Every structure is written in C-alpha cells, then in structure tokens.
C-alpha cells in the first residue's frame, strides 16, 4: 500500500498542471503580502499589525531552517531536525543528547550552542534602482557581476555601520529586484529542551516524506544578550487547542530555494545534468556512511547527522528528478514557455525578452561545459571532509582579506566577517577516522570522474592511493585544532604559507583552477541573471502584478487550509493522533526506526491518546521552511512545519494542492507530550503565559 | 581500529608487488596441477588418485558457487550464502526458511529446490587444435567469432550426444587454449539443513570481508536421481579435528573470474570506465532496496536476497577499484607489461605479440565507445526487473530457436537448452511491487544516462514518467505466470507476437539495437581474444610453462598454509573460536546485524567454546570459490571457504599473501553447532560415517 504512494504522485500532477486555478499558491514577500487573494477567498484581512507581529516573531536559523519566538522571555521553538546540528555539537561520547534528549530544569542549565546564529527580520528596503544604476549599461557579464558585488557590499556595509543590524542585499525575481534585508542577529543561543531523536524522527528515513506521520519534531532554545534572556518585541501566543480540520493556516518561514521561473533550457540542465549528478553523489555517500556507521554504535553516532541530511536530500532529489523526468510535467513547462514566448512575439518590445531566452540557453551550455570540474573542485565534491573546508577557508582568507572589500569573494566581505569567523572558529567536534573515510571515498570519486591520468588528479594523489592519501592528509593536517586556525587566520597569507599544512597545500594546489571555474560560473550566472531580469520585467508586463518570486531563504508568508487528501481512492485524514503513534509502533514490533523511547512506552497510560499529533495543510512550502510557525487567523501558534509529503517533492518546480501537503506538528500534541511524557511543567507554563 | 584495516591494505600491496617470490599463487587446472611446486615447497606428492577423488567430490552450483560431496548418500555441503537463493525460493510469507533455518528430520522432509542445477566435473579434453583448425586464418573478428561459436556448439553437441554428460567448451588463457569440460548434471537437489541466516551471516554487511569472523556459513543439500539419493563415486571424509594452525590446506572450487592477464589498456578501461559505472549502479540499487526494505518487515524479506548480493558486489568493486586507483599497484602492472614488451622487442618473432597489444588497445576503444548503451540495453541495466529477463528470453527464444544451432546466440544452443528451460520455467516467486520499484528506478537511470530527448528513451517511456511506466508495464505483463511463459515458448515467435504483452513489446523495441551492440562487442571481443592468444603463446615462450590461466568458473586447485597475519602492527591469529562469537555479540549489545538466534543464546552453556569456528589461510581464491571444500594432505574435509578478507579484494588483478587471506568455516565448529545448537544428530552421524 505504501509503495503505491511512492509510485504515482508524479502522474497525478498532470491533472493539476493543466488546471487553470492555482488555489493557495505562493511564497509571498512580507513587502508584498497576498492581501487581496486572502480577502477574496477567505474574507480575512491581513492587517499591518498582524503582519508585523508575525514577521518579527519569525526567526531564521542561519544553519538552515526556520523558527519563532514562543515567549516573552526569548524562548525560540524550531524543529528537532533543525536543532540537531547544534545538539550534536553539544554532545560527546559520554553525553548523547541527540539520542537521549535534553531538558534544562533551570536557566543555569541551559547550554550555550556552538557557532549558532539566529536572525530576526526587522525591515525590508527596495534597493533595485541603486544597484542597477551602479552597473554600466555596456558592462560584460563578468564586469557587471563585479560591479554588482561591489555595490551590494557597499550597501551592506553602509547599512551595518548605520544600524548595527546584519544587512543582506538579497536577489529576487531572478535579478528583477534587489532588497536590503536587515536582521537583528543573536549569537548567544542556549538549548532548553529537546526530545530523544527517536521521538522527533519516529519512523526514520522510511517514514520521511510520508503521511500519516507521528513525529515530535520540536526543540526549544532561549536567546540571550549580555547573558540575559532577550525580551523580544513580539512572540506568538501558543494555542492549546491547536490546528482544526479545515481552518485557514498561515506559515511564516524561510523557504530556501525554488526553481519555478527557470527556463526550459535551465530545467533541461537540471534534469539531464545537475540532478543525476547530485543524486548519484548522495547515494554514494549514503552507502559510505551507512556501511561505516554499521561497524559500531560509536561510528553510527558520529555519522548520524551527516547521514540524516544525505537521506533527506536524496529523497528530495529523487522527487525532483521524478517530476522533471515525467514527460507530462515537463511538457507542461515547455508548453507554458512556448505560450509566453508567443505572447512576446505578438508584443511590441517583446524581442529583447525573446533573445534573453537564447542568452540563458547559451550561458547554460557554457556552465554545462565546466560543470564536472566545478563540482569537484570549487564545490569540493572531491574533498568531502570538514577539514578540507577549514583548510580552504584559511587559504582563501589569507588571500582575500588583503583585498579591498568590494573585490573579495562574497563570503569574505566585511559584512559577513563575523558570521564567517564564527564558522571558522567553531568548536564542533571533527572525527579523524570519519574524515579519512569521507575524504578517501571522495578522492576515489575524483579519480573515477576525471580519470587517473588527469594531471591535477595525479598532483593531488601524489603517488598514493585515494585511501592512503586521505589518511596521510587527515593525520597530517592541523586544521582540526581551533588554536591553529586562529593563528593562521590572524597571521594572514604569510602564516598560512609558512605552516606548510599538507591539507592547506592541497587546497592551494587546486585553488587556481577552482577560482577560475568560479569566475566563469559567476560570469555566466550574471548573464543569466540579467537575462532573467529582462524576462521578469516582460513577465510583469504580460501577466500583471501579484506574483511572488522564487524562494531565496528570505522570509515568506504562505497560506492554505488544514486539509486531508485522497490517495489511490483512499481518504487520508488531515490530523493524526497520539493513538496512531502507538499503533504504528506496535505494528512494526517496536523495531528501529519505529521504536519508541522507554518513557514513551512507560507513560502511555497517562496520555490522552485522542490529542492531535501531526497534521497536513496546503500552504506553499519547501526545504528551509522546516521549523516555520503555523498560525491561525488570530495569529496564535497552532503548529510547526516539519516536512512535506512525498507528493510535495515537485514543489521546487511548481505548486499543486490536489495531493501535495505541508506536514506539521500540532501545538496541542506538543503540550501533551511536554506535560505527560517529559514532565516539563515549567516550559508548558512559560508557553501558556501569553502576556509578559 | 577497524577503520584502519579498511584504509591501508592497498598501500601494503606495494611491498608485495615488487617482491620477486610469489609464494603459493595460483588457481591451477586439474589437467595441469602444481605437482612440482607443492613437492618442492611442502614435500607432498599430489597423486592421481588423490586428485581424482578431490575433483569428483567437487560440485559446482550453476547459480554461482562451489560445493562438495560430504557423504556416500549424496549429501552436498556448500555455503549458506550460496544456498540462500534456493532457500529464498522455497520460502513464503508463512515459511521464512532464510530467517529461521531449516532441518529435514527425515528424507521425506527434504525439500526439492526450484531450478537448481549442480555439476560434477568428470573429464577434461584439450580441443584447442580442433577449434583453431575450424577458424579460417583470413577470417575477420566477426566471422572468426561466428566460426568459433559454430565449432564450439558442434563439439558440445557431439559430446552430449555421445556421453549424455553436460559438455561445455571453455576458453582458457585468454583464448590460448580451449578445453572440453564434461559434467555429470544433477537437477533434483533437495534442501536438508540450513541455519538461520543470522548465524550464517553474523555481522552482516558490516563484517563482510572483515576478519576475525564468526560465521556458520554452511548449508546441506542432498542430490537425487530417479527419486533416490545419489551414491557419488567419491566424497570427502569429514575431519572432526579440522584445520590446524600452520598446516597445508588445499581448496578445490570454481573461481569465477580474474583479470590478471589483462593488458594495461584493458586495466585502464576497468579503472576509468567499467568499475566506476558498476560501482555507481550498485550503490544506487543498494540505496533503493535498503530504503524500500525499511518500510516494512515483508518488504525487507522480499529485498533481502538481492540486497545481500548488491552489498557484497559493492565491497568487491570498491576493493578492485582501490587496487587499480593506487598509482603504486597500477604502476607495477605498467612496469611488468613494459618489461615483457621489451623482452618481445628483443626476440625474433616478438613483433606479432607486440602488435597484438595495439590491437587490444584499439578494440578496447571500440568497446568503450559503445559501452554505455551496451550496458543499458544488452546488459539491461535500464530494465532492472526479473520480469524483463523473462520477457526478453521469450522474445529471443522465439527468434533464435528457428535458426540452425550454430547460428544462434550462445544461450539458445541445443547444449544449453535444458538449463535455459529450467531457468525460464522457474517457479521462483516474483513480487510485482518490488518489480515496479526496481524497474521504475532503472528507467529513471536510463533517462538520466541517455538524456530525456533520446529517441529510444522516449519510445520506451511512451509519454509516461519512469515510475508510471514501470507500474503500467509490470501490472500489464503476464510473464510472471509460468503457464504463460510455457505457452509462448512452445508457440514460438508467432505466439510471442500475438500475445502483445507490453513488456515483451518493450524488449522488442530495444532488441534491434541491443543485438547490434552485442554483435559489435563480440566482434571486438574476438579481436581481443585472438590477440590475447597471440600474447599468451609469446608469454609461454618467454616465461616458460607452469603458469595457470585466469579464472573462468572452471574447477581449480589452490593451496597454502593456515596462517594469521599482521595488521597495523597487531597480530591477527589464524583461528577464531565459538567464544569469540559470543564476545562480539555481547560487545555489540546483541543488536542487528550482530544479534544471535535465540537458540544460540539459550544453548551457549552446552557448547565447548574453545572449539575453532573460522580460520584464514593463503590459497589463491576469488568470488565463485564460495563453498569450496578445504582439505588437508589426507584429503579430508577440514573447512569450507566462505569469504576473503578486505585485503584480498585486489585478487582480481594479482595474488598476494602478506595480508590477503581466504576465510573459511572450520569443520570442527560446524560439527559442534550441529550437535549442540541444532540437535542434528542424524546429520552428524552421516558426516562421520566415512565408509559407505
């Protein structure tokens, strides 16, 4: 039965793609919220005050994810799987908080996280005109990119100096618009409560992206400033009742990336080149980490976090590829583009946009020509090890920091310096044995992809086998030592050279070509961006306003009802209950990954099993929305996004609401578990204290 | 610690490769046994009687593996992992013999296996001269291949008609020699006893290819003729004492395939093309079956056999690739070839062999040019489903059986007819849900590899997504019905066409190109074979006699002492004991795949824990040797090969005995378990009854 759900979703999309009404589609900018659509369809008015509270209660995890303020005392709620990176870094061989969970009974017990940065959006400013004005009309791709980078860095620096707020210029509408996003930034973030990973991720990879679901995918942090809990301007009052079947829900979060406005040429590249490559690489790494993790429990603990991310990505890529490999789905994309191009042909001034399509196709070809080496070298697929990331960061920091701000690679700009340093000086544990396995495997992939006779391959291997070379480099490098990293970073290029660190020297060996590839990629990207901007403007002219841009990890508002769906003729109800959790656990014989933590087994009798646990709804979301608060019309917290169902995996390229659903943890289910399973009465009291 | 064993073995080979003495290397033909070497080094004489008993006690599992007669009443012993395919086919949702084991307490309870064929070698005849005489000196690659196929089919048919024995002409020394192997063939094979897979494969994939080991990788069958147990001419008396540390051991089995005489051009192709492709495909399938199997226990049962084979192959491929990607290992291969070519240059008549190297390189290039499409279409990587195998077999049988015997594709020759039909009419269960998952994934791989715009890809998909098309084809085909297969096979091409079976029609759609690719491949293979024969003759002339040919799934004799080894400065003893099994089980918390069947836990106290369980020795083996009997000088059964250690994975390309070891189950350990754990007193009595 479950299998069928895996097999038919993409075919089902055909029905939708051809349908004219696109329901509750959209990841809307807070600067252009869908007031009219919601007013018209649901008779509900998005007021400025309502929007501001939701916006300023929304929190971005810089490590990749969403969250929200849940109390007047700086409590932040997010998904356990968003928090897991931080929890892992707090764990050790003796304290496995990922496995066992964590509960700070007092403020003093709250544990400060390693290199975690949270952002809260404060304002949005349109800087499109200023940026476009700074780019000479006659500039070539590369020069224009350089000019844009310079003006963006200027604007960010100027804003940072003026407001003290983290200031990011973000690219929207494929370069049709540039907005300056200012964030309040928090770096003292402490872990308050986390469940056992087994409760958060019950069903593991097998149930991931499936529904019905039963996951307590929730964790709590508290944000501090000057060693005191922050008192945020806004937070979301917790609804003890939670999401109701059929009610309108809103999602405020940070969808990472969608590709809905890509041209057919770009989609073809994704389908025939990028996705197959990534898919194969992920499967290679999944096998590597699974096999290594199976050798012992400690191996498994060390590999778990990487492995979770890989399995998750692998399902996503498979789903995206399934959508694009479906001739029906892809045919609809082609038909839509052809129709738009026909409209352009019929319009005065449409020629510029038409030629823009051709420029994109040409740039895409140029990118395809260097794609393999770019992935291996600049994206470091050939050097799959945290140690290599540090080695390269040190090497490049030495070279880049000597340059004027506007001429550096973006990640070394002054505005990003603090975040960069926090990453670079992270105390996150790195395990040499795992690093050797990962680097050895990726070096073997390097040889296999470019061939053993490639001169750069031979230079990197230095006459050793991939495994032997990996062991030599990982055992020989000092970059896992934070003191060493600080010394080299402070010392600059001279200190980096003098260190003669073997892994940094490998980074140096490939750096010339890696930088050249990146330069070409950015130049071609610039050509595409300019062409997309042209198309974007033409699209506005043809289709009118009221569109939303592709997701870019900026804050967005989505909406839609809590709603079940049909699958192979069977109704899937919108809500699951705590009873359902125990039923699935029993049906699978309490076997991993369907086993429950002991206290869940012990305290079953204490629970009200009819309390809702997870639910599905139709808001338009994608990866990065994990941890997004779900609110009702009253602006109350009724749940938290943690997944999409398997049918939603095509969302990268298009929205559908026949079967695709967002999956959330229910606010009532969270309360019930906190109270009855975890005895976290203090936390419950804080959540229900709705006024400061 | 375990990790290090994975990392350094290839580097270690360097020492060996450069060393002049190659110890106990060799997979020797029974027609040219290493009498002198053994006499000289061990002072032991291989008599004709000793050799004949071992040869005629050796059994080949046609499904891929080795075995031996263990009693006067037709008892056959092999590995559980060789038997598992047959055990799986006897299992059902209600009887899971793979998981639970099996024990026929009486002859009547012995269960007849589905489509299992056993062969026992009776004689070897050199037919090189007759074959070479039948190939016109002026014949091109394709014509020569055709002529060789014709004369081979003639010889086989003539021998079958004359002797009633299965008769296979086998190619040795890369075409330097052709031998006619005659086998007694048994098709009524019944399962007598099998342990739980968990005892046979304790430690699962994580411990596979590792040492120390603790596996009861053994199963027993009985061979029948005319519904009576066969009384074989020879069998191997069971040694209750078993293998002793340091004693000389002999292995008689069927190594499947080695590539030790490949030229550098061929090794480069393996390193840069064939192995990376296979490795990626295996990892893709491993992820697919692991993820699907994780959804439920029944899924896991259905996928288990496929998955085991895939994980095993993946480790082998990774190990082979590691050897070839090691510049030291590969450099030694290059140096050896260069030295040989220099010797040829210095010899009268060496030119022909020198140009043969060039012909091989050219043919290898031609093969590389069609490799991708050949793998997808003729090797059916794009159609990963048992159903497709049946569909194509029916289609081609219809076409081929109408042709004269000598002109058919080899698998349709008269001599292979009986075996072919046994395969085709197998009652082996095929699960539609798993078939859809496998076919859907491989069709997606097909699209990704050739691109969505490839005309053949589009024709195969017929406008559907890979998953939807797979569901349509698997749900629509009738080939899973044995009656249907019989009807079409009997009815011939007309019946096949009339059936309009959707999957057979897909097989037809690709058959033109698949056959053309195979024809090119065979023609180029013929060129290589002729060139290899030339090189082989020159090698004999230069290096003298006393060489053994690459493995070809023909019966071979290997030898070498029971011997531990050193690893990272630590001594690994040759033998493990039953005590070690329980220690590893406890250290891993009795968790899968380190859990033990309940009766092993219950009956621990009854066991003599000091009894040896597994051991390592130096005989030269490779995949296909699984199940090979290990005998002492007295010709007694002292153990059974089931694995090689991780260091032995380079054996495809070269032998080494510094660390590489064969891994066997000890005959005393088997007896102890049969008696104390399984209460199989009847079986023990039969094994110890050494005279009929």
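Residue numbers (our numbering), protein chains in the order written: chain A, 20 to 711; chain B, 20 to 711.
Backbone N, C-alpha and C define an ideal beta-carbon position, used for all residues, glycine too.
As the structure is a prediction and not an experimental result, all values here were calculated from the model.
Query                                                                                                                                : Result
Paired residues, beta bridge with residue 660(B) - DSSP                                                                              : 683(B)
Residue 185(A), buried or exposed, once every other Cβ within 10 Å from all chains shown has been counted against 16                 : buried
Nearest-angstrom beta carbon gap, residue 629(A) and residue 679(A) [assumed within contact, 8 Å]                                    : About 28 Å separates the two Cβ atoms, so there is no contact after all.
Within 7 Å, strictly: CB atoms of residue 672(B) and residue 406(B)                                                                  : no
Straight-line Cα distance separating residue 204(A) from residue 57(A)                                                               : 32 Å
Residue range of the unbroken beta strand (DSSP E) whose run includes residue 331(B)                                                 : Counting along the chain, residue 331(B) falls outside any beta strand (DSSP E), though it belongs to the alpha helix (DSSP H) covering 316-343.
The segment 262-274 of chain B / the segment 568-583 of chain B touching (three or more Cβ pairs under 8 Å)                          : yes
Segments of 4+ residues assigned as alpha helix (DSSP H) that fall wholly inside the segment 203-244 of chain A                      : 216-219, 223-226
3-residue-minimum beta strand (DSSP E) runs that sit fully inside the segment 558-606 of chain A, ordered along the chain            : 575-580, 584-586, 589-591, 594-596
Within 7 Å, strictly: CB atoms of residue 643(B) and residue 192(B)                                                                  : no
Beta-carbon contacts of residue 358(A) that lie in its chain and below 6 Å, excluding the five residues immediately before and after : none
Closer than 9 Å at the beta carbon, the chain B residues around residue 599(A)                                                       : What residue 599(A) touches in chain B: nothing, since even the nearest Cβ is about 16 Å away.
Residue 657(B) versus residue 591(B): straight-line alpha-carbon distance, rounded                                                   : 20 Å
Backbone secondary structure at residue 142(B) - three-state DSSP                                                                    : strand
Nearest candidate by alpha-carbon position, reference residue 51(A), set 42(A), 62(A), 74(A), 152(A)                                 : 74(A)
Nearest to residue 136(A) (by Cα), restricted to the options 445(A), 551(A), 432(A), 532(A)                                          : 445(A)
Identified DSSP bridge partners for residue 187(A)                                                                                   : 200(A)
is_contact[residue 297(A), chain B] using C-beta, thresh 7 Å                                                                         : no
Cβ-Cβ distance between residue 631(A) and residue 255(A) below 7 Å                                                                   : no
For residue 131(A): DSSP bridge partner residues                                                                                     : 209(A)
Residue 41(A) at chain B interface by Cβ criterion, 7 Å                                                                              : Because the pLDDT of residue 41(A) is 46, which lies under 50, any placement of that residue in the model is unreliable, and the question is left without a value.
Enclosing alpha helix (DSSP H) for residue 612(B) [first to last residue]                                                            : Segment: none, residue 612(B) is in no alpha helix (DSSP H) and carries neither H nor E.
Straight-line Cα distance separating residue 217(A) from residue 314(A)                                                              : 20 Å
Straight-line Cα distance separating residue 386(A) from residue 288(A)                                                              : 9 Å
Residues near residue 220(A) in its chain [Cβ-Cβ closer than 6 Å; skip 5 each side]                                                  : none
Contacts that residue 667(A) makes with chain B (C-beta to C-beta distance below 9 Å)                                                : Chain B residues near residue 667(A): none, gap ~16 Å exceeds 9 Å.
Beta-carbon proximity check, residue 97(B) vs residue 238(B), cutoff 7 Å                                                             : yes
Residue range of the unbroken beta strand (DSSP E) whose run includes residue 267(A)                                                 : 267-272
Chain-ordered chain B contacts of residue 492(A) [CB-CB under 7 Å]                                                                   : In chain order: nothing, as chain B lies at least about 12 Å away.
Contacts of residue 585(A) in chain B (Cβ-Cβ under 8 Å)                                                                              : Ordered by position in chain B, no residue passes the 8 Å Cβ test against residue 585(A), which lies about 18 Å from the chain.
Residue from 415(B), 102(B), 147(B), 667(B) whose Cα sits closest to the Cα of residue 132(B)                                        : 102(B)
C-alpha distance - residue 511(B) paired with residue 400(B), whole-angstrom precision                                               : 26 Å
CA-to-CA distance, residue 418(B) to residue 429(B), given in whole angstroms                                                        : 13 Å
Straight-line Cα distance separating residue 308(A) from residue 691(A)                                                              : 36 Å
is_contact[residue 698(A), chain B] using C-beta, thresh 7 Å                                                                         : no
Below-7 Å beta-carbon distance, residue 323(A) vs any chain B residue                                                                : no
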